[in-house]
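Numbers 8 to 113, taken from my numbering, label the letters of the sequence shown in order.
By construction, the Cβ of each residue, glycine as well, lies at the ideal position given by its N, Cα and C atoms.
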Amino acid sequence: MTYVIAQPCVDVLDKACIDECPVDCIYEGDRMLYIHPDECVDCGACEPVCPVEAIYYEDDLPEQWSDFYKANVDFFDDLGSPGGASKVGKIDRDHPLVAKLPPQAE
Ligand code: SF4
Ligand code: SF4
8 MTYVIAQPCV DVLDKACIDE CPVDCIYEGD RMLYIHPDEC VDCGACEPVC PVEAIYYEDD
68 LPEQWSDFYK ANVDFFDDLG SPGGASKVGK IDRDHPLVAK LPPQAE
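Below is the structure:
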């Protein structure tokens, strides 16, 4: 089980959650952040600090964003488990589900 970042983060990515994560498992894509499903220790520290309520425990992910579970998992297909987001830095791409979204700015 893991925490998942969903659509409200797209084009916001203020990174408030990154500062809370004790294991540095929240990785930065181009338009959204992604939680590494194997590195996340399910502590829940990131969830309350997100200003747009984009972070959910896997089982609590709203139905309309259910695809984001797979987006968070698949994002790491070719990255494997780097063991820390800060040393990887920004990753200049997104999962196709995110990349195809129109600009989300309000
Ligand atoms: S639940 Fe904890 S370990 Fe998982 S991403 Fe959030 S802060 Fe990091
Ligand atoms: S705190 Fe929320 S909006 Fe900000 S980067 Fe994290 S998931 Fe995205």
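query = Span of the beta strand (DSSP E) holding Leu104?
reply = DSSP places Leu104 in no beta strand (DSSP E) but in the uninterrupted alpha helix (DSSP H) bounded by Pro103 to Ala106.
message = Could you compute how far the alpha carbon of Tyr64 sits from the alpha carbon of Asp49?
response = The alpha-carbon atoms of Tyr64 and Asp49 are separated by roughly 8 angstroms.
request  = Could you tell me the boundaries of the beta strand (DSSP E) in which Val11 lies?
outcome  = Element bounds for Val11: Tyr10 to Ile12.
message = Per DSSP, what are the beta-bridge partners of Leu68 in this structure?
response = DSSP lists no partner for Leu68.
message = With DSSP as the reference, identify every bridge partner of Ile62, one or two as the case may be.
response = For Ile62, the pairing in a beta bridge is given by DSSP as Ile12.
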